[in-house]
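K.L.:
Sharing a structure, written as structure tokens. Questions coming.
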DNA sequence: GGATAAATGGATAGTCAAATCCACTAACGG
DNA sequence: CCGTTAGTGGATTTGACTATCCATTTATCC
């Protein structure tokens, strides 16, 4: 569903969001915590910085921190930075003109995309952390928060 | 959301489902109707045949037809034939052991996958065609059927 | 100011899906 | 039986994404 870059970026941002405000974390620190290969993570972090999601500080004691509060960063925003986030089907994929509606097949698929995208657009990093400070992200605990959608147990 | 092979396969199967039962359609015929490049479509059709979704007939007047009724073919079945269908997140992607639950981040993502997969598993090709015979698939009409989920108009 | 720490930018391999091509086999028609 | 039609199987090319490496710039500490 997500590409690797987006998965890595989400891990990094979620991790940074758990740190005290404005505390710097170097690429190496984040790599240890998120289990992402350092060279690739550096590239991902650079992209997030250019996008205005992170703030970078060079030199000794430098590193990365969130450029805004976790409640202002949506999951979709991060996915878009890496061309992840499944694309809506706007027009007939067969290239047939004059159709104002999608056919049933592509409508079905687009509905699934729309559902996922709506959730990603309205979920912030803050939401993922949860209001309860006991909950720890990145698989570092047993906590499981409900995010409004029922978990399908198949 | 879907890879090209799965998209092409769905188009082909939906098209075949609109034909009179057991009528053969050659790869060329299907290619014309679904706007899929012939060589690639041939490969897709071969896969569907091996999977038991289609029946192939060689020689003059030959071609492909559904191997079972459209109500017995699910969308998920076709996606699985091409490793499309977004994968559920079963275990912690960070490789941390001893965790019986996903963290909030991966839970959120997995919920979206689960929702889509549930719909694909319960929707058959027959459902896509719609009970109303007026409705034409593959963007060949203006019809739009509701498939149980609200359309998101953004 | 020199040494060290750390982000930046660009260039470079590896991998996999998308797409194409060609030689081969099977079925039907005259 | 011979030719045409059409599916089968394998080899190949292309491009995007994953991943890595190195030289450069910036900032801090002594």
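Residue numbers (the working numbering), protein chains in the order written: chain A, 2 to 155; chain B, 2 to 155. Each residue gets a CB set at the ideal place from its N, CA and C atoms; glycine is no exception.
Could you check what DSSP says for residue 7 (chain A) in three-state terms: helix, strand or coil?
P.N.:
Here residue 7 (chain A) sits in helix by DSSP.
K.L.:
With 16 as the cutoff for other CB atoms within 10 Å, does residue 51 (chain A) come out buried or exposed?
P.N.:
Looking at its Cβ environment, which holds fewer than 16 other Cβ atoms inside 10 Å, residue 51 (chain A) is exposed.
K.L.:
Look up residue 123 (chain B) in the DSSP assignment and say whether it is helix, strand or coil.
P.N.:
Helix, per DSSP.
K.L.:
In whole angstroms, give me the CA-to-CA distance for residue 69 (chain A) and residue 113 (chain B).
P.N.:
Residue 69 (chain A) and residue 113 (chain B): Cα-Cα distance of roughly 26 Å.
K.L.:
Leaving out five residues on either side along the sequence, give the residues of the same chain with a beta carbon under 8 Å from the beta carbon of residue 93 (chain B).
P.N.:
100, 103, 104 and 107, listed in sequence order.
K.L.:
Where does residue 134 (chain A) fall in DSSP's three states?
P.N.:
Residue placement at residue 134 (chain A) cannot be trusted, given a pLDDT of 48 that sits under 50; the coordinates are not used to answer.
K.L.:
Can you say whether residue 34 (chain B) is buried or exposed, counting buried as having 16 or more other CB atoms within 10 angstroms of its CB?
P.N.:
Buried: at least 16 other Cβ atoms inside 10 Å.
K.L.:
DSSP has residue 60 (chain A) in a bridge; who is on the other side?
P.N.:
Answer by DSSP bridge pairing: none, since residue 60 (chain A) is not bridged.
K.L.:
Which stretch, first to last residue, makes up the alpha helix (DSSP H) that contains residue 43 (chain A)?
P.N.:
Note, residue 43 (chain A): alpha helix (DSSP H), 39–51.
K.L.:
Between the alpha carbons of residue 121 (chain A) and residue 110 (chain B), how many angstroms are there, rounded?
P.N.:
If you take the alpha carbons of residue 121 (chain A) and residue 110 (chain B), they lie about 9 Å apart.
K.L.:
Identify each residue in the segment 5–25 of chain A for which the Cβ-Cβ distance to at least one residue of chain B is less than 9 Å, and report them in chain order.
P.N.:
Against chain B - using a Cβ distance shorter than 9 Å - the residues of the segment 5–25 of chain A are 8, 11, 12 and 15.
K.L.:
Check each residue of the segment 109–121 of chain A: if its Cβ is closer than 9 Å to any Cβ of chain B, include it; give the result in chain order.
P.N.:
If the cut-off is 9 Å between Cβ atoms, the segment 109–121 of chain A has 109, 110, 111, 112, 113, 114, 115, 116, 117, 118, 119, 120 and 121 near chain B.
K.L.:
Can you name, in chain order, every residue of its own chain whose Cβ lies under 6 Å from the Cβ of residue 56 (chain A), other than the five neighbours on each side?
P.N.:
Closer than 6 Å at Cβ, skipping near neighbours: 66 and 68.
K.L.:
Taking the straight line between their C-alpha atoms, what separation do you get for residue 43 (chain A) and residue 53 (chain A)?
P.N.:
Distance between the alpha carbons of residue 43 (chain A) and residue 53 (chain A): 15 Å.
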